[in-house]
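For the sequence shown, my numbering gives the first residue as 1016, with consecutive numbering after it. Glycine included, C-beta positions come from ideal geometry on N, C-alpha and C. Scroll down for the structure; my scribbles are underneath it.
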Amino acid sequence: MIDPQTVEQYGLPGHLQAVPDEIDAVHLPVTGTLPPELDGRYLRNGPNPLPGRRSGHLQAGPGMLHGVRLRGGRAEWYRNRWVRTGAFHDKPFVTPDGRIDLTATSANTHVMAHADRVYALVEVGLPYEVTPDLATVGPCDFGGRLTTAMTAHPKTDPDTGELHFFGYGFVPPLLTYHRLDAKGELVHSREVPVRAGTMMHDFAVTEHHVVWLDLPMTFQLSLADRGIPYGWDEAHGARLGLMRHDRPGAEVTWFEIEPCWIFHVGNAHEDAGGRVILDAVRYSPAEWTALWAMLSRADAARGFSPRLSRTDAERTFGPLPPPPLPTPPPGSDRGVGSRTDGARDLGAPAIGRSSLHRWILDPATGRATEQQLDDRVVEFPTIDDDLTGRRSRYLYTVTGNEPRSRDHCAIVKYDDVTGTCAVHELDAETMVGEAVFVPATPGPRREDDGWLMAVATRRDGSASQLLVLDAARVEGGPVATVELPRGVPAGFHGSWIPRSRE
Ligand SMILES: [Fe+2]
């Protein structure tokens, strides 16, 4: 997550500092009791610029995987490895003849398994396969069938084992839906008509539908060289789309909603009346545009390598007009070049605040309704993945990571039946990342019969721990804490990969 110092000082605070090397450690110290049934690997991805290379905000830099092997109540090893992608080797994203190279990306956002293979993902490129020990195998296009990028947030259908995903681009096809079967074969791809190329970080699936997030972040050529070339576009409007994934050629039914930004979906399901209920983390336009502008100005001031450089864009689109000057949004902060004294700036208001919302899409009326479920500032929603696309009772998030937050970080468990929350709060000097739910048993069980795993890192970057919490008793704090051999920079998403899938 983003820290105020990252953007206000255009430097990286401790918990976002890249690590300079790859290491291995064995026999990690454990406080508490690791559940003996945990037999597998917790893997987590995040950007980690190479030593000596100037890089920008947290969304940039080659992916680095951090892994912890648990077995028999012990933490056997930790290791970290860069994903050897095209970006790692400095390959240009746009080739000299103007072609986009989907292997020249960073694979820095997520790591997950499907059909006994493990992939590192970023939304603008091909997945990179890695071994269970984190060595890079290489880019994967599923036998030449995948010709678009692949989202970092694919969804596994718990009944069929299929993997639903999509790819978006800034040149046609702008949006393509794909599906892998349970064996890992790419069996279906179809282009989805949209009115503009938008940034689409996540989506949802239900038993019968895909839910598209067509939000007002459009590709804007004028933003080439400004980090990620997407900007807020009020005129685009905002809509959610329902598309039957079980009927080839089915059209999308669109539902207009209030403009907003959504990075991450919690879950979606269909109710008995055929309505689709989507729970996701929502940013208001003001919160989102302030955050995005702050990131963009930080990028510009730091001169980091953008996703689409001006040179790249001109290879594809021809000569571009001069770049616009970065403009501070009204009242958001102090603009380019401003500095603080190095302390956390707790005097300025937090920005980038997002909270849990629910949208109900009713095909019978063609209307969507929206409801805020809680006013806590949260991100990184996770669930029991065995309930992807089905009614789920519990949703897990983290809070306190938004820029300039005054709050302690915490892991928050929402109970949609009782409307209550369970919270585990960390101390003031510790950040915590996404909490991944790990089932206690593969068979029938209570929904929260399992564990939450998350990496906690000191704000100064000096140390990290893998926390293991009882998902049924989040408020009780970790049942086990694994001391990692180094500070692990705050990153994005991770997965538990049980031994049976290695
Ligand atoms: Fe994400």
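- Query: Do three or more CB pairs link the stretch 1040-1049 to the stretch 1060-1067 at distances below 8 Å?
  - Reply: no
- Message: Nearer than 7 Å: is that true of the beta carbon of residue 1179 relative to any heavy atom of ligand 1?
- Response: Numbered from 1 along the sequence shown, position 164 holds the residue referred to as residue 1179. Every heavy atom of ligand 1 is 7 Å or more from the Cβ of residue 1179, so no.
- Query: With 16 as the cutoff for other CB atoms within 10 Å, does residue 1399 come out buried or exposed?
  - Reply: Residue mapping note: residue 1399 aligns to position 384 of the sequence shown, counting from 1. Label assigned to residue 1399: buried.
- Task: Going by CA-CA distance only, name the one from 1404, 1444, 1374 and 1489 that's closest to residue 1411.
- Result: One-based indexing of the sequence shown puts residue 1411 at position 396. Minimum Cα distance to residue 1411 is reached at 1489.
- Query: Counting only runs that start and end within the stretch 1385-1418, where is the beta strand (DSSP E) found for 3 or more residues in a row?
  - Reply: 1393-1397 and 1409-1414
- Query: Who pairs with residue 1275 in a beta bridge, going by DSSP?
  - Reply: Within the sequence shown, numbered from 1, the residue matching residue 1275 stands at position 260. Note: residue 1275 sits in no beta bridge, so no partner.
- Query: Is any heavy atom of ligand 1 found at a distance shorter than 7 Å from the C-beta of residue 1400?
  - Reply: For the purposes of this step, residue 1400 is taken as the residue at position 385 of the sequence shown. No.
- Message: Taking 7 Å as the cut-off, is the C-beta of residue 1166 nearer than that to any heavy atom in ligand 1?
- Response: Taking the first residue of the sequence shown as 1, we reach residue 1166 at position 151. No, the Cβ of residue 1166 stays beyond 7 Å of every heavy atom of ligand 1.
- alpha helix (DSSP H) segments (min. 4 residues) lying fully within the stretch 1428-1465: none
- Message: Give me the residue from 1494, 1372 and 1514 with the minimum Cα distance to residue 1050.
- Response: To locate residue 1050, count along the sequence shown from 1; it is residue 35. Here the closest residue by C-alpha is 1494.
- Message: At a threshold of 7 Å, does residue 1124 count as lining ligand 1 (C-beta to nearest heavy atom)?
- Response: On the sequence shown, position 109 is the one that residue 1124 refers to. Yes; taking the cut-off as 7 Å, the Cβ of residue 1124 has a heavy atom of ligand 1 nearer than that.
- Message: DSSP has residue 1376 in a bridge; who is on the other side?
- Response: Along the sequence shown, one-based indexing puts residue 1376 at 361. Residue 1376 pairs with 1291 and 1383.
- Query: Can you tell me where the beta strand (DSSP E) with residue 1201 in it begins and where it stops?
  - Reply: Looking up residue 1201 in the sequence shown gives position 186. Per DSSP, residue 1201 belongs to the beta strand (DSSP E) from 1201-1206.
- Item | Burial state of residue 1099, where buried means 16 or more other Cβ atoms lie within 10 Å | Counting from 1 along the sequence shown, the entry for residue 1099 is found at position 84. Buried, since its Cβ has 16 or more Cβ neighbours within 10 Å.
- Residue closest to residue 1160, alpha-carbon to alpha-carbon, out of 1193, 1485 and 1441: Start at 1 with the first residue of the sequence shown, and residue 1160 comes out as number 145. The shortest C-alpha separation from residue 1160 is found at 1193.
- Message: Using the three-state DSSP reduction, which class does residue 1514 fall into: helix, strand or coil?
- Response: Taking the first residue of the sequence shown as 1, we reach residue 1514 at position 499. Helix.
- Cβ-heavy atom distance between residue 1217 and ligand 1 below 7 Å? Here residue 1217 corresponds to residue number 202 of the sequence shown, with the count starting at 1. Checking the Cβ of residue 1217 against ligand 1 gives yes.
- What residues match up with residue 1191 in a beta bridge as DSSP calls it? Here residue 1191 refers to the residue found at position 176 of the sequence shown. Bridge partners of residue 1191: 1182 and 1206.
- Give me whichever residues DSSP pairs with residue 1121 in a beta bridge. For the purposes of this step, residue 1121 is taken as the residue at position 106 of the sequence shown. Residue 1121 pairs with nothing; no bridge assigned.
- From the DSSP output, read off the bridge partner residues of residue 1144. By 1-based counting over the sequence shown, the position of residue 1144 is 129. According to DSSP, residue 1144 bridges with 1134 and 1153.
- Relative to the alpha-carbon of residue 1077, which residue among 1120, 1055, 1505 and 1107 has its alpha-carbon at the smallest distance? The residue labelled residue 1077 in the question sits at position 62 within the sequence shown. It is 1120.
- Message: Just verifying my parser: in three-state terms, what is the DSSP assignment at residue 1160?
- Response: Taking the first residue of the sequence shown as 1, we reach residue 1160 at position 145. Three-state result, residue 1160: coil.
- Task: On a CA-only basis, which of 1092, 1103, 1511 and 1146 is nearest residue 1450? Give me that one, please.
- Result: On the sequence shown, position 435 is the one that residue 1450 refers to. For residue 1450, the nearest C-alpha among the options comes from 1511.
- Query: Can the beta-carbon of residue 1391 be found closer than 8 Å to that of residue 1407?
  - Reply: Taking the first residue of the sequence shown as 1, we reach residue 1391 at position 376. Taking the first residue of the sequence shown as 1, we reach residue 1407 at position 392. Contact: no.
- Message: With a threshold of 8 Å on Cβ separation, who are the neighbours of residue 1030 within its own chain once the five nearest residues in sequence on each side are excluded?
- Response: Walking along the sequence shown from the start, residue 1030 turns up at place 15. Closer than 8 Å at Cβ, skipping near neighbours: 1018, 1446, 1472, 1473, 1474, 1475, 1476, 1502, 1504 and 1505.
- Could you say which of 1201, 1188, 1186 and 1277 lies nearest to residue 1227 if we only look at CA atoms? Along the sequence shown, read from residue 1 onward, the residue named residue 1227 stands at position 212. Closest by alpha carbon: 1277.
- Query: In the DSSP assignment, what residue or residues form a beta bridge with residue 1267?
  - Reply: Residue 1267 sits at position 252 when you count from the first residue of the sequence shown. Note: residue 1267 sits in a beta bridge opposite 1258.
- Query: Do residue 1291 and residue 1230 have their C-beta atoms within less than 8 Å of each other?
  - Reply: Working through the sequence shown from its first residue, we reach residue 1291 at position 276. Working through the sequence shown from its first residue, we reach residue 1230 at position 215. Not a contact, by the Cβ cut-off of 8 Å.
- Can you give the Cα-Cα distance for residue 1518 and residue 1103, rounded to whole angstroms? What the structure shows of the chain is the stretch from 1016 to 1517, and residue 1518 is not part of that stretch, so it cannot be assessed.
- Decide if residue 1496 is buried, meaning its Cβ has at least 16 other Cβ atoms within 10 Å, or exposed. Against the sequence shown, residue 1496 aligns to sequence position 481. Its Cβ being crowded by 16 or more others within 10 Å, residue 1496 is buried.
- Task: Measure the C-alpha to C-alpha separation of residue 1441 and residue 1388 and round it to an integer number of angstroms.
- Result: In the sequence shown, residue 1441 corresponds to position 426, counting from 1. In the sequence shown, residue 1388 corresponds to position 373, counting from 1. Answer to the nearest angstrom: the Cα atoms are 23 Å apart.
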